[in-house]
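Structure, as structure tokens:
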Amino acid sequence: MKKLWTLCAALLGMASVASAQTLSCCAKAPAANATEVFAMLATNEDFSGGHDAPLPFNYQGTGSMIQFKTADGQTSKAFEIKSNTPSDKYLFVIHEWWGLNDYIKQEAARFAQELPGVNVIALDLYDGQVATDADQAGKLMQGAKTERAQAIINGALGYAGPKAQIASIGWCFGGGWSIQTALLAGPKAKACVAYYGMPEKDVAKLKTLNTDVLFVFAKQDKWINQEVVNQFQKDMAAAKKGLTVKAYDADHAFANPSNPKYSKTFAEDAHAASVAYLKKNLKLK
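Residue 257 in my numbering sits at position 203 of the sequence shown; the count goes up by one each step and never skips.
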């Protein structure tokens, strides 16, 4: 608890310098942007130090890069694996703070194989930039503008089409943006999986969710801790929305094979739970 309050004090100190809107990760502040609050953790040495640089990896499987128009008049690229049969069902995969690297492409391919009949699109909220060390990743995560990320997601929703059924999944940075994707998808949203990402704190926004949420939580996580999860449970209950929390006695980023805190046993269990949830909500056979 002492470490938690130390982190909160540090974040509040940064807030007075950077922005009057930026608040502590553990403060109850509906006006704060959840994803931007999480991005502040990039300045914390303990957080950055807990993310070893990914090992070199070159994905050589199926799929291709696509380009689509974004809501702000620009364009964005993403990695897509199309269903073997025509389908309006989509899974948006949202990267960690490293960016859309080959590990995320491989994860997208795994979901495409396990979810037949679903188009899988790995979004790129960093506009082509990929980090290879924690310092770079922190700068990219902090530099990700909310308006641009929302424009990219809305562009992907437009690419999927008016009849699309949208599911989303993400880890860490992408976990928070998975929840934001479900909010932006409106009535198209059918499923949302968030791994140890910052939840939305605005109950009024949560009331607009068209889906329940599967939230994967690491009990040893100092950042998305039990207090954050408890508040999310209260907020979702107030919004009258379904929330399932899968808790593991692990640390932040336990599902990432390139992280020293990786737990294969827990990662595989969480993945199986995610696939079962996605199949159920997307009504796959």
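Where is the CB? At the ideal position from N, CA and C, for every residue including glycine. All of these numbers come straight from a predicted model, not from anything done at the bench.
Exercise. So, helix, strand or coil for Q75, using DSSP?
Worked result: Within the sequence shown, residue 75 is the residue found at index 21, counting from 1. Residue confidence is low: Q75 scores 34 on pLDDT, short of 50, so the model does not pin down where it sits. Its coordinate-derived value is still stated next. DSSP places Q75 in coil when its eight states are reduced to three.
Exercise. Which runs of the alpha helix (DSSP H) fall wholly inside the region 247 to 285 and span at least 4 residues, in chain order?
Worked result: 257 to 260
Problem set entry | Cut-off 7 Å between Cβ atoms - residues of its own chain near E168, not counting five sequence neighbours on either side | Taking the sequence shown and counting its residues from 1, the one referred to as residue 168 is at position 114. So the qualifying residues of the chain are V329.
For this session: Would you identify the three-state DSSP class for A221, choosing helix, strand or coil?
Result: Residue mapping note: residue 221 aligns to position 167 of the sequence shown, counting from 1. Strand, per DSSP.
For this session: Can you give me the start and stop residues for the beta strand (DSSP E) that N173 sits inside?
Result: Against the sequence shown, residue 173 aligns to sequence position 119. Segment 173 to 177, the beta strand (DSSP E) holding N173.
Exercise. Just how far apart, CA to CA, sit L109 and K276?
Worked result: Stepping through the sequence shown from its first residue, residue 109 is reached at position 55. Stepping through the sequence shown from its first residue, residue 276 is reached at position 222. Each residue's Cα considered, the two are about 25 Å apart.
For this session: Look up K344 in the DSSP assignment and say whether it is helix, strand or coil.
Result: Residue 344 cannot be examined here, being either before or after the span of the chain that is shown, 55 to 339.
Exercise. Straight-line CA distance for P314 to K255?
Worked result: For the purposes of this step, residue 314 is taken as residue 260 along the sequence shown, with counting starting at 1. For the purposes of this step, residue 255 is taken as residue 201 along the sequence shown, with counting starting at 1. Whole-angstrom Cα-Cα distance: 30 Å.
For this session: Excluding the 5 residues preceding and the 5 following E161 in the sequence, name in chain order all residues of the same chain whose CB lies nearer than 7 Å to its CB.
Result: Translated into the one-based positions of the sequence shown, residue 161 becomes position 107. Closer than 7 Å at Cβ, skipping near neighbours: V147.
Problem set entry | Cut-off 6 Å between Cβ atoms - residues of its own chain near N347, not counting five sequence neighbours on either side | Outside the displayed range of the chain (55 to 339) lies residue 347, so it cannot be described from this structure.
For this session: Verify whether the separation of the beta carbon atoms of F269 and A248 is less than 8 Å.
Result: Along the sequence shown, read from residue 1 onward, the residue named residue 269 stands at position 215. Along the sequence shown, read from residue 1 onward, the residue named residue 248 stands at position 194. Yes.
Exercise. Three or more beta-carbon pairs under 8 Å between the region 224 to 235 and the region 137 to 144, yes or no?
Worked result: no
For this session: Since I believe Q219 is in contact with Y144 (beta carbons under 8 Å), could you give me their beta-carbon distance rounded to a whole number of angstroms?
Result: Within the sequence shown, numbered from 1, the residue matching residue 144 stands at position 90. Within the sequence shown, numbered from 1, the residue matching residue 219 stands at position 165. So it is a contact: roughly 7 Å between Cβ atoms.
Problem set entry | Three CB pairs or more closer than 8 Å across the region 258 to 274 and the region 185 to 192 | no
For this session: Count the other C-beta atoms from every protein chain shown that fall within 10 angstroms of the C-beta of A292, then say buried if there are 16 or more, exposed otherwise.
Result: Translated into the one-based positions of the sequence shown, residue 292 becomes position 238. Answer is exposed; the Cβ neighbour count stays below 16.
For this session: Give the straight-line distance between the Cα atoms of K131 and I175, rounded to the nearest whole angstrom.
Result: The residue labelled residue 131 in the question sits at position 77 within the sequence shown. The residue labelled residue 175 in the question sits at position 121 within the sequence shown. Rounded to whole angstroms, K131 to I175 spans 10 Å at the Cα level.
Exercise. Helix, strand or coil: how does DSSP classify E161 here?
Worked result: Translated into the one-based positions of the sequence shown, residue 161 becomes position 107. Residue state, collapsed to three classes: helix.
For this session: Could you tell me whether the Cβ atoms of F271 and A307 are closer together than 8 Å?
Result: Indexing the sequence shown from 1 puts residue 271 at position 217. Indexing the sequence shown from 1 puts residue 307 at position 253. Cβ atoms of F271 and A307: not closer than 8 Å.
Problem set entry | Cβ shell of D305 (< 7 Å), same chain only, five flanking positions each side left out | One-based indexing of the sequence shown puts residue 305 at position 251. Excluding positions up to five away in sequence, the list reads A272, Q274, D275, K315.
Problem set entry | When A163, A324, A191 are compared against M119, the one with the closest alpha-carbon | Stepping through the sequence shown from its first residue, residue 119 is reached at position 65. Nearest option by C-alpha distance: A163.
Exercise. When the distance is taken between beta carbons, is L332 closer than 8 Å to A245?
Worked result: As a position in the sequence shown, residue 245 is number 191, starting the count at 1. As a position in the sequence shown, residue 332 is number 278, starting the count at 1. Their beta carbons are under 8 Å apart, which means A245 touches L332 by this criterion.
Problem set entry | A96 and G192 closer than 8 Å at C-beta | Within the sequence shown, the letter at position 42 stands for residue 96. Within the sequence shown, the letter at position 138 stands for residue 192. Yes; because the gap between Cβ atoms is below 8 Å, this pair is in contact.
For this session: Would you kindly report the start and end of the unbroken beta strand (DSSP E) that includes F122?
Result: Reading the sequence shown from its first residue, position 68 is the one you call residue 122. Looking at the DSSP string, the run of the beta strand (DSSP E) that includes F122 is 118 to 123.
For this session: Please determine, among P216, I223, G251, the residue with the shortest C-alpha to C-alpha distance to P11.
Result: Beyond the ends of the chain as shown, which are 55 and 339, falls residue 11; an answer cannot be given.
Exercise. Do the CB positions of V267 and V283 come within less than 8 Å of each other?
Worked result: Position 213 of the sequence shown holds residue 267. Position 229 of the sequence shown holds residue 283. No, Cβ-Cβ distance for V267 and V283 is not below 8 Å.
Problem set entry | Inter-residue Cα distance where the pair is P311 and A321 | Counting from 1 along the sequence shown, the entry for residue 311 is found at position 257. Counting from 1 along the sequence shown, the entry for residue 321 is found at position 267. Using only the alpha carbons, I get a separation of about 9 Å.
Exercise. What is the residue span of the alpha helix (DSSP H) that F308 lies within?
Worked result: Counting from 1 along the sequence shown, the entry for residue 308 is found at position 254. Premise fails: F308 is in no alpha helix (DSSP H) and is neither H nor E.
Exercise. Should D189 be labelled buried (16 or more other beta-carbon atoms within 10 Å of its own) or exposed?
Worked result: Counting from 1 along the sequence shown, the entry for residue 189 is found at position 135. By the 10 Å Cβ count, D189 comes out exposed.
For this session: Please classify K159: is it buried, with 16 or more other beta-carbons within 10 angstroms of its beta-carbon, or exposed?
Result: Sequence index remark: in the sequence shown, residue 159 carries index 105 (1-based). Result: buried.
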